[in-house]
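Asks: Quick one: this structure, given as structure tokens, is what I'll be asking you about.
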């Protein structure tokens, strides 16, 4: 299983051994939802609880609307990190801080590609970690380069 996380401010939820939607199903209140909202989404889409389909998409979007950022490393077919959020400006500081942590741990590298996807702001960009840090990061982040 590839590395996966939900992040919000300083909170990190590691979903590497599971899935992003399973984390929501297991603790919907933590993501600003209720058990009824989760079961209703699956019922509305005619899917079994836990299936990675339309209900999953709806629940993930709700979590991001509530300030969570979804991160998943995809080693194949092309090695990249998907970073999904509601809007980049509201998520930028958290994303940059988390990238710094991953760099310090050696889990991500400066030349790794990030697929940035903002659902409210429409951002859809592929950029290397170092390029994002140079463009958006404070001086401390740039010193990592």
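Residue numbers (this note's numbering): 351 to 495.
Beta carbons are placed, not taken as given, at the ideal position from N, Cα and C, and that holds for glycine.
In this text the structure is predicted, and so the values were computed from the model without any measurement.
#1: Determine the direct distance from the alpha carbon of residue 403 to that of residue 410, and round the result to whole angstroms.
#2: Give the straight-line distance between the Cα atoms of residue 398 and residue 422, rounded to the nearest whole angstrom.
#3: Check whether the segment 446 to 461 touches the segment 377 to 393, counting contact only when three or more Cβ pairs, one atom from each stretch, lie closer than 8 Å.
#4: Using 10 angstroms around the beta-carbon of residue 485, count the other beta-carbons present and answer buried if the total reaches 16, otherwise exposed.
#5: Does the Cβ-Cβ distance between residue 446 and residue 458 come in under 8 Å?
#6: Pull the bridge partners of residue 423 from the DSSP assignment, please.
Replies: Reading off the structure:
#1: Translated into the one-based positions of the chain shown, residue 410 becomes position 60. Translated into the one-based positions of the chain shown, residue 403 becomes position 53. Each residue's Cα considered, the two are about 11 Å apart.
#2: Position 48 of the chain shown, counting from 1, holds the residue named residue 398. Position 72 of the chain shown, counting from 1, holds the residue named residue 422. Per the coordinates, the alpha-carbon of residue 398 lies some 23 Å from the alpha-carbon of residue 422.
#3: No, they do not touch.
#4: Position 135 of the chain shown, counted from the start, is the residue given in the question as residue 485. By the neighbour-count rule (16 or more Cβ atoms within 10 Å), residue 485 is not buried but exposed.
#5: Here residue 446 refers to the residue found at position 96 when the chain shown is read from its first residue. Here residue 458 refers to the residue found at position 108 when the chain shown is read from its first residue. Taking 8 Å as the cut-off, the Cβ atoms of residue 446 and residue 458 do not count as close.
#6: What you label residue 423 is simply residue 73 of the chain shown in a count that begins at 1. Residue 423 is bridged by DSSP to 431.
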